[in-house]
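Plus 119 on top of the position in the sequence shown (first one is 1) and you've got this note's numbering.
Backbone N, C-alpha and C fix where the C-beta goes; we use that ideal spot for every residue, glycine too.
Structure record follows, encoded as C-alpha cells.
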Amino acid sequence: MSDNIVDTFYARQQAHGAKPAIVWNGAVVCTFAELPDHVGRYRAALAQLGVTRGERVMVKTENSPAFVFTYLAVLASGAIFVPMNAAYTAAEVELLVEDADPVLLIHADKTAVPPAGTDRTARATLNGDGSGSLTDLATSLSPDLAVEPMAANDLAAILFTSGTTGRPKGAMLTHGNLGSNVAALFETWQFSSDDVILHCLPLFHAHGLFVALHLGLFSAATLRMLPKFDAAKVIAQLGEASVFMGVPTFYTRLLESADFTRDATAGIRLFISGSAPLLPSVFAAFEARTGHRILERYGMTETVMITSNPYAQAGRIPGSVGYPLPGVSVRIVGADRSELPAGEVGEIEMQGPNLCAGYWRRAEATAESFYPDGFFRTGDTGFKDETGRVTIAGRSKDLIISGGYNVYPAEIEMLLAEVPGVQDVAVFGVPHPDFGEAVMAAITTEGTAFEMAAMDALIAEKLARFKQPKTVHVLDEFPRNAMGKILKNVLRDTYKGSFAK
Ligand code: MCA
Ligand code: AMP
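Written out as C-alpha cells, the structure reads:
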C-alpha cells in the first residue's frame, strides 16, 4: 500500500463494507463497499478528460456526493485537487486558474467562470445536485479501481489562501500532511466506526474537506451530509448523528432556535468548533442550553489542524484552543524569534508532519513564512500557560474572518482604489453578531469624479458576496499616526457598534 491517502481510507473501510458511507439529505447514497466503484467511474472520466499524475484539477461547485467522488478520484489518479469557493466571481476564478494552471476546470453550469478557450484548461460541469457533463461521462464508463501509488511528500491538494499583498497563495498539501493530521484528530477526538458525522461545512475549504470529510473516511464513520448549513435541517438530523462540527456562526445560529434543546442534542457525543474564535459567551450559552461543552480547536489551511482542547469535557476551556496535536510543536516567540516564557503574548509558530510543503510557485512568499529550522509563522499571536495550553490573543496578519471565511483587506483595498476619485482606502473588520466579524470600508475622495454607484458596480462585479463591505464610509480624512499610516484600530473602534444587537 502506498501513502496515497485514498489507499489509507479504503484499507480502513474494508471491515465496514456494509455500513452507509454517505447519507445525503437523509437518503443513503452508498456503502463503504460501494464507494470505490463510484470513485472509479469518476476516475475513468477524469482520465478521458486528460487528467494524469501531477496535473491540477480545479473545482468550483457546491457540496454533493459527486463532489466527494470527484475529490477522491482526483487523488486516486495521482493528480492535485484545487478547490475554490463556489461564490467566487469570474475575476476571482481567473486569477486562480492563471496561477494553478490546471488541466481541467470542473464547475457548475450556472456559475461565474472565465470564458473557455483562453487557456489550456479543459472544462467539465458538475452541479450541486450531482448532474453535469462529468457525471454523464462517469456513469457511461466502467470504474477504474486503481489507486496511483504516491509517496508521503507527493502533492494531494492546493488550497488558495490570500496574503498581506492580497494576491492568493496556494498552500501545497501532501498526502503525508493529510494522512498524519487525520490520524492525530482520530486519536484526539476518539473517533470510531460507530460515529455518524453530521457534515454541512463547505467541502471547498480545509475544515469541511480535511477535517469533517476525512474523519468520516478514515474512521469508516457514516457521513450524514447536507448541501449547506441550515439550522432547522441540522436540528432535525442531530438525533441521527454522534458528532457535529462547524464554525462559530453555526453555533450562534443554532442557539437562536427554540427547537435547539437538551433533548435535540442528547445523542451527540462531541460538538467541535473552529476556523474563527468561539466567544466564551457562546460557549457558556451552549453549555447552559444543552449540557455540552463545545470543543474548540485551531488550524490553518497551510497546516490543517494545529491544536485542540482535550477530549475530556472538563478540559474544554472557553477562550483557549488547547494543546498541540500529537506530533505537532507550537512555539510562542518574540520579535527576535526567541521563545517567550509562559503567559507572555508573542507570535505563534508551529512545526509538524501536517505543515504543507510551501506555496505553489511562490518561492518568495514561502521563504517569508517557512523558516529553515522547520517552523512556520502562523501570523496569529497568543500565549501558552505553564502546562503548554495555547490561547490565541489576536492576529499579526491583516485578516478579517467573517462567518469562517477569510477576507484579506489588502485585496479589497486594491480594488476600491481603482474607482475614479478615490484617494485613500482602508478595509477593516468590526464585530458582527452572526458572522463574528463583518467587512467594513472607509475611503476619502479627491476631485469630483467619485460616484458611489461606480464603486458598488465594481464591488458587485469583482468580489464574492462574503467579501463585499457591508458599508463603505466616506470620510473627510483618515485617523493617522505620526508616520502617516492609517490607524485601522481607531476605525474599528469608531464603527464597532454598527451591528450591535
Ligand atoms: C454568506 N454571506 C456571508 C457569509 N456567508 N457574508 C459574510 N460572511 C460570510 N461567511 C452572505 C450571503 O452571500 C448573503 O448575502 C448574506 O451573507 C446572508 O446569507 P446567508 O443565507 O445568511 O448565508 P449562508 O448561505 O447561510 O452562509 C453563512 C454560513 C457560511 C453558513 C455561515 O458562510 C458558511 O458555511 N461558512 C463556513 C465557512 C468555512 O467552512 N470556513 C472554514 C475555512 P446577500 O444577502 O447580500 O446575498 S478553513 C479554515 O478556516 C481553517 C483550516 C480552520 O481552522 O478551519
Ligand atoms: P485559513 O486561512 O482559512 O486557514 O484561516 C486560518 C486562520 O483562522 C488562523 O490563522 C486563525 O487566525 C483563524 N482560526 C482558526 N481556528 C481558530 C480558532 N479556534 N480561534 C481563533 N482563530 C482561529
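Check: residue i C-beta below 7 angstroms from any heavy atom of the ligand MCA
i, result
"Leu-320", "yes"
"Ser-252", "no"
"Gly-471", "no"
"Phe-279", "no"
"Pro-347", "It is worth fixing the name first, because residue 347 is Lys in this sequence and not Pro. Answer for Lys-347: yes, Cβ within range of the ligand MCA."
"Ala-536", "no"
"Gly-327", "yes"
"Thr-208", "no"
"Thr-368", "yes"
"Phe-186", "no"
"His-333", "no"
"Ser-521", "yes"
"His-324", "yes"
"Phe-200", "no"
"Phe-494", "no"
"Tyr-527", "no"
"Phe-390", "no"
"Tyr-129", "no"
"Tyr-630", "An answer regarding residue 630 cannot be provided, because it is not within the stretch 120 to 620 covered by the chain."
"Tyr-478", "no"
"Phe-554", "yes"
"Phe-585", "yes"
Cα-Cα separation between residue i and residue j, rounded to whole angstroms
i, j, result
"Gly-501", "Gly-393", "16 angstroms"
"Ile-520", "Lys-589", "14 angstroms"
"Ile-578", "Arg-584", "9 angstroms"
"Arg-343", "Val-142", "5 angstroms"
"Thr-567", "Val-212", "33 angstroms"
"Gly-169", "Asp-492", "39 angstroms"
"Glu-580", "Ala-205", "15 angstroms"
"Ile-531", "Ala-137", "49 angstroms"
"Thr-409", "Thr-380", "6 angstroms"
"Ser-148", "Ala-433", "One point to set straight first is that residue 148 is Val, not Ser, in the sequence displayed. For Val-148 and Ala-433, the distance between alpha carbons rounds to 37 angstroms."
"Ser-515", "Arg-496", "10 angstroms"
"Ala-325", "Thr-420", "6 angstroms"
"Pro-346", "Pro-139", "18 angstroms"
"Glu-468", "Ile-451", "6 angstroms"
"Val-201", "Gly-555", "27 angstroms"
"Thr-171", "Leu-518", "36 angstroms"
"Thr-244", "Ala-192", "15 angstroms"
"Lys-288", "Thr-422", "14 angstroms"
"Phe-348", "Phe-369", "7 angstroms"
"Asp-382", "Gly-145", "20 angstroms"
"Ala-219", "Ser-281", "14 angstroms"
Residue i, buried or exposed, once every other Cβ within 10 Å from all chains shown has been counted against 16
i, result
"Gly-418", "buried"
"Met-203", "buried"
"Pro-552", "exposed"
"Thr-341", "buried"
"Asp-499", "buried"
"Thr-240", "buried"
"Thr-258", "exposed"
"Thr-293", "buried"
"Tyr-490", "exposed"
"Glu-565", "exposed"
"Thr-284", "exposed"
"Arg-599", "exposed"
Any non-hydrogen atom of the ligand AMP closer than 7 angstroms to residue i Cβ
i, result
"Met-419", "yes"
"Arg-286", "no"
"Asn-296", "no"
"Thr-293", "no"
"Gly-498", "yes"
"Ala-395", "yes"
"Arg-514", "yes"
"Arg-599", "no"
"Val-440", "yes"
"Ile-511", "yes"
"Glu-415", "yes"
Margin query: For the pair the region 316-325 and the region 353-372, tell me if three or more CB-CB distances fall below 8 angstroms.
Written below: The answer is yes - the region 353-372 touches the region 316-325, with three or more Cβ pairs under 8 angstroms.
Margin query: When you compare the region 176-187 with the region 225-244, are there three or more beta-carbon pairs, one atom per stretch, that lie closer than 8 angstroms?
Written below: Yes, the region 176-187 touches the region 225-244.
Check: Are the region 354-361 and the region 478-488 in contact at 8 angstroms, needing three or more beta carbon pairs?
Finding: Not touching, per the Cβ criterion.
Check: For the region 145-160 against the region 257-273, are there 3 or more C-beta pairs whose distance is under 8 angstroms?
Finding: The region 145-160, when compared against the region 257-273, does touch it at the 8 angstroms Cβ threshold.
Note to self: I'd like to know if the region 299-313 and the region 331-338 are in contact, where contact means that at least 3 CB-CB pairs between them fall below 8 angstroms.
What the structure shows: The answer is yes - the region 331-338 touches the region 299-313, with three or more Cβ pairs under 8 angstroms.
Check: Taking one C-beta from the region 438-448 and one from the region 464-480 each time, how about it: are there three or more such pairs within less than 8 angstroms?
Finding: The region 438-448 makes contact with the region 464-480; the number of CB pairs closer than 8 angstroms reaches 3 or more.
Notebook entry, point to check: Using 8 angstroms as the Cβ pair cut-off and three pairs as the minimum, do the region 504-513 and the region 536-546 touch?
Noted result: As far as the Cβ criterion goes, the region 504-513 does not touch the region 536-546, which means the pair count is below three.
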